[in-house]
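Encoded as structure tokens, the structure appears first; notes follow it.
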Amino acid sequence: MIKVLSVFGTRPEAIKMCPLVKEMELCSEMESVVCITAQHRQMLDQVLEVFEIRPDYDLNVMSRCQTLFDITAKVICGLKEVLEDSHPDIVLVHGDTTTSFAAALAAFYCRIPVGHVEAGLRTYDKYSPFPEEMNRTLTGDIAELHFSPTTQNKDNLLCENIQKNIFVTGNTVIDAFKTTVRDTYVFENEALNTLPFGEKRFVLMTAHRRENLGKPLENICKAVLRLAEKYTDIHFVYPVHLNPAVRKTVFAYLDGKKNITLLDPVSVADMHNMMARSFLVMTDSGGLQEEAPYFGIPVLVMRTETERPEAVEMGTVRVVGVKEEDIVAAAEHLINDATEYDKMAQAVNPYGDGHASERIIDAILKWAKEEK
Ligand code: UD1
Ligand code: UDP
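Everything in the sequence shown is counted per the numbering used here, starting at 205 for the first residue and increasing by one.
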């Protein structure tokens, strides 16, 4: 029996770790223990509810307007007690958040091996995404096992002289669709049930990144406002992140407009099913760049770079930067040119076949046997 402690704390980590936790719960050779840091509180609990996961430990670290220092310090200190209490054989962390890096560091301090899920994505710009690029790189340096969604991610690690225990598994977000996506889905959020999906064109948007706070987010809002005012037949839906800095800007620019619906964060099931019914996704999120291509929905990435080049290379995702003019021009191109739109609107999925969790479990079991 191998004891696996999974640690996660934000919405995107939870969406991608819950399918793996569910699969580990079914594995007779594993004991699965879950510690949430609750770097996010409400947005994390929303995901746990959808996947029906009850954590064994909850560090409850979130505070309003928390800093990177707050999160890092609380997670490292909180995990010391959890690790001493639970004695796992391996700690699993996900991706690039401060929870992931701090948890990996805490496990390293206790000399417990770390498995890194979603390993090897890179922009090679230390400050973008900030602090995620460094979080992911440093977690990779600490990790013993690397679960890379794609071969490009694996190649990045090989270039960094990480040679051992890299497994190409696909991304567990594709596994999550088995729980969340239904053809006959009825939205939990009543406001969504009143919107005429299928009759109108819908643009689903999100923006929250730390490096976009301030001027870039203002540019994004101004661009969306211009588009909404010009194209009154198109409806914009924006579930707004709970970060007060994000909400202040977004509500100042976009609240009260007829064809813009601002919502509190919606459940991941609502989100995935709404995405499947959208015309276009405009976002600075990492996860949405992986999800929308699966449904054949074009994505405009409102960032200057991406650590997820696969769907860009396949043509469904375009990186458009954070200047108002550029965002408007890229969106208008797709709104007005059906040929351009059709070229992008291809169901493309470089991120796996929905069996990433099984591959991760197989790799852990194999590694554990070799270690003994
Ligand atoms: C974090 C991650 C980022 C990820 C994002 C996903 C880091 C450094 N950043 O950024 O990689 O893309 O999550 O959303 O790890 N808040 C709430 N309730 C919640 C969640 C957040 O009120 O459920 C508010 C709090 O005031 C909190 C603030 O949002 O202080 C910011 O949260 P934080 O986790 O620090 O940063 P994110 O921008 O969410
Ligand atoms: N998401 C969600 N509800 C929302 C907005 C996003 O469930 O209201 C999901 C989305 O489908 C994706 C993930 O949250 O799976 C992305 O998380 P986020 O944008 O917070 O972080 P990032 O992907 O940028 O790290």
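Each residue gets a CB set at the ideal place from its N, CA and C atoms; glycine is no exception.
For Gly491, the closest of Glu322, Ala549, Tyr389, Leu429 by C-alpha to C-alpha distance is Glu322. Look at Gly500: its beta carbon is at least 7 Å from all of the heavy atoms in the ligand UDP. In this structure, Arg245 has its CB closer than 7 Å to one or more heavy atoms of the ligand UD1. Applying a distance threshold of 5 Å between residue Cβ atoms and the heavy atoms of the ligand UDP selects Arg215, Pro216, Ile219, Pro443, Pro469, Val470, Val472, Met475, Ser489, Gly490, Gly491, given in chain order.
Within 7 Å of the C-beta of Asn447 there is at least one heavy atom belonging to the ligand UD1. Inclusion of Thr301 in the 7 Å shell around the ligand UD1 follows from its C-beta lying nearer than that to a non-hydrogen atom of the ligand.
Distance from the C-beta of His412 to the nearest heavy atom of the ligand UD1 is below 7 Å. An exposed status is given to Thr271, since fewer than 16 other beta-carbon atoms sit within 10 Å of its beta-carbon. In terms of Cβ geometry, Phe273 and His320 do not form a close pair [threshold 8 Å].
The region 399-414 and the region 474-487 touch, with no fewer than 3 CB-CB distances between them shorter than 8 Å. If one requires a minimum length of 3 residues, the beta strand (DSSP E) runs lying completely within the region 236-324 are 294-298, 318-321, in chain order. Using a cutoff of 7 Å, the CB of Leu248 counts as near the ligand UD1, since one of the ligand's heavy atoms is closer than that. Taking the Cβ atoms as the reference, Phe255 lies roughly 6 Å from Thr383, within the contact range of under 8 Å.
One thing to note: Asp557 has its Cβ no nearer than 8 Å to the Cβ of Gly324. For Ile275, the distance from the CB to the nearest heavy atom of the ligand UD1 is below 7 Å. Collapsing the DSSP output to three states places Phe371 in a strand.
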